[in-house]
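Okay, structure first, notes after.
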Amino acid sequence: MPTIRETVLAALHARLLPLAALTLRDEVLPERIPAAGLIILRDGQPGEPEVTLSPLRYHYQHRAELEIIVQAGTGRASAFDDLVAAIGTALEADRTLGGLCDWVEPEAPASVDLPVEGAAALKAAVITVVLHYTTTGPLA
């Protein structure tokens, strides 16, 4: 049986799969970026939980990361913005991931343009997604 952490991360990944961009989880950057863009979900860190004692519960603010990348010769900024907006819409549609989380909160991306020799430039960013959830133990 998967842990709550894994269940929440799998639900986040599933929430992003319907987007036009290729969505991967913990994969290496592919050689080619799809025209619609690329999202790579990184599991991130659960951090130190707040603990309540009666009953014993561990309250996490898990910081997962979405690496988003768009490659285009022209219209790169617009395509990037469209992808960021689509991610925001997908997360806002269900801030509890079907009741698995107390709350899902994305942080604003800090984008960067990356030149690629002999190809269209990339626009990339990391979006931190804070997943608030509770477990009965640090390994549950």
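Position one of the sequence shown corresponds to residue 1 (the UniProt record's numbering), numbered consecutively onward. The beta carbon of each residue, even a glycine, is placed where N, CA and C say it ideally should be. In this text, all values refer to a predicted model and were calculated from it rather than measured experimentally.
- Proximity of the stretch 26–44 to the stretch 92–107 falls short of the contact definition, fewer than three beta-carbon pairs being nearer than 8 angstroms.
- Looking at Ser111, Ala64, Tyr60, the one whose alpha-carbon comes closest to that of Ala79 is Ser111.
- For Ala77, the CB contacts under 7 angstroms within the same chain, skipping 5 residues up- and downstream, are Lys123 in chain order.
- The bridge partners DSSP lists for Val112 are Ala124.
- In terms of Cβ geometry, His62 and Pro49 do not form a close pair [threshold 7 angstroms].
- Secondary structure at Ala77: helix, using DSSP grouped into helix, strand and coil.
- Comparing alpha-carbon positions, the option among Thr96, Thr135, Ala11, Ile68 lying closest to Glu27 turns out to be Ile68.
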